[in-house]
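Enquirer: Got a structure for you, written out below as C-alpha cells; questions coming shortly.
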Amino acid sequence: MVSYKELGLVNTKEMFAKAIKGGYAIPAFNFNNMEQLQAIIKAAAETKSPVILQVSKGARNYANQTLLRYMAQGAVEYAKELGWEKPQICLHLDHGDSFELCKSCVDFGFSSVMIDASSLPYEENIALTKKVVDYAHQYDVTVEAELGVLAGVEDEVSSAVSHYTKPEEVVDFATRTGCDSLAISIGTSHGAYKFTPEQCTRDPKTGRLVPPPLAFDVLDAIMEQLPGFPIVLHGSSSVPQEYVDMINQYGGKLPDAVGIPEEQLRKAAKSAVCKINIDSDSRLAFTAAVRKVFAEKPGEFDPRKYCGPARDLMEELYKHKIINVLGSDGKA
Ligand SMILES: [Zn+2]
1 MVSYKELGLV NTKEMFAKAI KGGYAIPAFN FNNMEQLQAI IKAAAETKSP VILQVSKGAR
61 NYANQTLLRY MAQGAVEYAK ELGWEKPQIC LHLDHGDSFE LCKSCVDFGF SSVMIDASSL
121 PYEENIALTK KVVDYAHQYD VTVEAELGVL AGVEDEVSSA VSHYTKPEEV VDFATRTGCD
181 SLAISIGTSH GAYKFTPEQC TRDPKTGRLV PPPLAFDVLD AIMEQLPGFP IVLHGSSSVP
241 QEYVDMINQY GGKLPDAVGI PEEQLRKAAK SAVCKINIDS DSRLAFTAAV RKVFAEKPGE
301 FDPRKYCGPA RDLMEELYKH KIINVLGSDG KA
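FYI, this note's numbering numbers position 165 of the sequence shown as 165, with every residue one higher than the one before it.
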C-alpha cells in the first residue's frame with residue numbers, strides 16, 4: 001500500500017471546491033508518454049495551474065500502469081525543480097471499469113479514481129460506484145462517477161449515441177453513492193470526430209462544420225438539483241482546425257474532424273463544471289508537429305528532433321487551454 005500523500009500528489013477535493021467558488025475549471029490532461037507529461041507539467045508549473053494527470057485504459061495498455069504511476073511521481077519532483085514549490089498535481093484513473101482496478105490504483109498511489117459504470121442499469125451503477133467510494137474514502141482518495149452516456153470513441157470506451165444525464169436522478173445518485181464529483185452527458189463526445197456532418201451545419205464562408213451547441217439547459221437543471229456539487233465534462237477537446245489543417249497539409253487525412261467550440265467550454269468552466277477532460281487536442285498537436293518535421297526534413301531520423309517539436313506544440317496547447325479556456329492559471 002502506497003499513499004499518494006507520500007508521493008506529493010493531492011486529491012481533487014480542495015481543487016474542485018476552489019474552482020467552483022472561483023468560476024474556473026481544472027484541466028484534466030491524459031498522458032501516455034514522457035513528452036506529453038513533460039509538456040503538461042511545464043505548462044502547469046509555468047502558469048501555476050492545478051492539474052489532473054489522467055491515465056486511461058489505453059494508456060495502461062500502451063505504457064504500463066506501474067510505469068505511468070512512477071512517471072507521475074517523477075512529475076511532482078520535476079515540477080518542484082521548475083520552481084513550483086507546492087505542486088497541485090492529482091493522479092487520476094480515467095474510466096475505471098471495475099472495483100478491482102479502482103482498488104489497485106488506490107493501493108498504488110493514485111489520488112483520485114473514476115468508476116465509470118454508466119453503461120450499467122441505474123441501480124447497478126449506484127451499487128458499484130458506492131463500493132468504490134467506500135473503499136477509496138478510507139484512504140482519502142476522491143471518486144468521480146458518471147451518469148448518462150457520452151457518444152464517441154475514447155480508447156476502449158465507445159458508444160454510438162449519447163444519452164443526456166437526467167437531472168431528476170442526480171440527487172439520488174450523488175447521495176446514495178457518496179461520490180465526490182459527477183461526469184455528466186450534455187452533448188460532449190469522445191474523440192476527434194465528435195459529430196457527424198449530418199449533426200452539424202456548415203459555415204458558408206469557411207466551409208467548416210459548425211457543431212450543435214451543448215445542452216446548457218440540462219447543465220442548469222443539474223446544478224439546480226445539486227448546488228455547488230463538482231461537475232465533470234468528458235470529451236471536451238476542441239479539435240483546433242489549425243492542427244487539423246497542418247496534419248492534412250503534411251500528408252494526413254482528417255476530413256471533417258470537429259470538436260467542442262472553446263467559447264462553450266469557457267462558459268461551462270465558469271459554472272459548477274470544475275474538471276474538463278482534454279485528450280484528443282494534444283494527440284492532434286503531437287501528430288501535426290511530427291508530420292511537419294517528416295515532410296520538411298525527410299532525412300531526419302533522431303526521434304528527439306520530431307518528438308521535441310511535438311512536445312513544444314503540446315505545451316503551447318496546454319498553456320492556451322489553461323489561460324484562455326479554463327481560467328485555472330495562477331490558482332495553484
Ligand atoms: Zn472520458
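Yeah, the Cβ is synthetic: ideal placement off N, Cα and C, and Gly gets one too. What you are looking at is a predicted structure, and each value in this text was computed from that prediction instead of being measured.
Terminal residues of the continuous beta strand (DSSP E) containing glutamate 144?
Expert: In the sequence shown, residue 144 corresponds to position 144, counting from 1. From DSSP, the beta strand (DSSP E) with glutamate 144 extends over 142–147.
Enquirer: I need the DSSP call for leucine 313, collapsed to helix, strand or coil.
Expert: Position 313 of the sequence shown holds residue 313. Three-state DSSP puts leucine 313 in a helix.
Enquirer: What residue ranges within the region 203–285 form continuous alpha helix (DSSP H) runs of no fewer than 4 residues, ordered along the chain?
Expert: Complete alpha helix (DSSP H) runs here, min 4: 216–225, 241–249 and 262–269.
Enquirer: Starting from serine 104, trace the alpha helix (DSSP H) both ways and give me its first and last residue.
Expert: Locating residue 104 in the sequence shown gives position 104, counting from the first residue. 99–108 is the span of the alpha helix (DSSP H), which, as asked, contains serine 104.
Enquirer: Valine 141: which of Asn324, Val2 and Leu317 sits nearest, CA to CA?
Expert: The residue labelled residue 141 in the question sits at position 141 within the sequence shown. Minimum Cα distance to valine 141 is reached at Val2.
Enquirer: For the region 55–103, list the beta strand (DSSP E) runs that are entirely contained and at least 3 residues long, ordered along the chain.
Expert: Correct list: 89–96.
Enquirer: So valine 239 and alanine 269 are supposed to be a Cβ contact under 8 Å. How far apart are they, rounded?
Expert: One-based indexing of the sequence shown puts residue 239 at position 239. One-based indexing of the sequence shown puts residue 269 at position 269. The pair is not a contact, with the Cβ atoms about 18 Å apart (cut-off 8 Å).
Enquirer: DSSP three-state label for phenylalanine 29, please.
Expert: Numbered from its first residue, the sequence shown carries residue 29 at position 29. Correct three-state label for phenylalanine 29: strand.
Enquirer: Report the option in Leu150, Arg176, Phe216 and Gly228 whose CA atom is closest to the CA atom of proline 126.
Expert: On the sequence shown, position 126 is the one that residue 126 refers to. It is worth fixing the name first, because residue 126 is isoleucine in this sequence and not proline. Among Leu150, Arg176, Phe216 and Gly228, the Cα nearest to that of isoleucine 126 is on Arg176.
Enquirer: List the DSSP bridge partners of threonine 201.
Expert: Against the sequence shown, residue 201 aligns to sequence position 201. Answer by DSSP bridge pairing, in chain order: Val210.
Enquirer: When you compare the CB positions of leucine 219 and isoleucine 260, do they come within less than 9 Å of one another, or not?
Expert: As a first step, residue 219 must be located in the sequence shown, where it is residue number 219. As a first step, residue 260 must be located in the sequence shown, where it is residue number 260. Not in contact: leucine 219 and isoleucine 260 (Cβ atoms no closer than 9 Å).
Enquirer: Please name the residue, chosen from Val143, Met34 and Glu169, that lies closest to aspartate 312 on a Cα-to-Cα basis.
Expert: The count along the sequence shown starts at 1 and reaches residue 312 at position 312. The shortest C-alpha separation from aspartate 312 is found at Met34.
Enquirer: Mind checking lysine 194: buried by the 16 CB within 10 Å criterion, or exposed?
Expert: On the sequence shown, residue 194 is found 194 positions in, with the first residue counted as 1. Result: buried.
Enquirer: Would the region 279–295 count as touching the region 204–224 if we require 3 or more Cβ pairs under 8 Å?
Expert: Segments in contact, no.
Enquirer: Under 8 Å from any heavy atom of ligand 1, does the C-beta of aspartate 94 make it?
Expert: Taking the first residue of the sequence shown as position 1, residue 94 is located at position 94. Within the cutoff, so yes.
Enquirer: So does histidine 137 have its beta carbon nearer than 8 Å to some heavy atom of ligand 3?
Expert: You won't find ligand 3 in this model; what it holds is ligand 1.
Enquirer: Leucine 7 by DSSP, collapsed to three states: which one?
Expert: To locate residue 7, count along the sequence shown from 1; it is residue 7. The answer is helix: DSSP assigns leucine 7 an H, G or I state.
Enquirer: Would you mind reading off the limits of the alpha helix (DSSP H) that contains valine 2?
Expert: On the sequence shown, position 2 is the one that residue 2 refers to. From DSSP, valine 2 is part of no alpha helix (DSSP H); its letter is neither H nor E.
Enquirer: Please confirm whether glutamine 65 and phenylalanine 108 have their CB atoms less than 9 Å apart.
Expert: Walking along the sequence shown from the start, residue 65 turns up at place 65. Walking along the sequence shown from the start, residue 108 turns up at place 108. Their beta carbons are under 9 Å apart, which means glutamine 65 touches phenylalanine 108 by this criterion.
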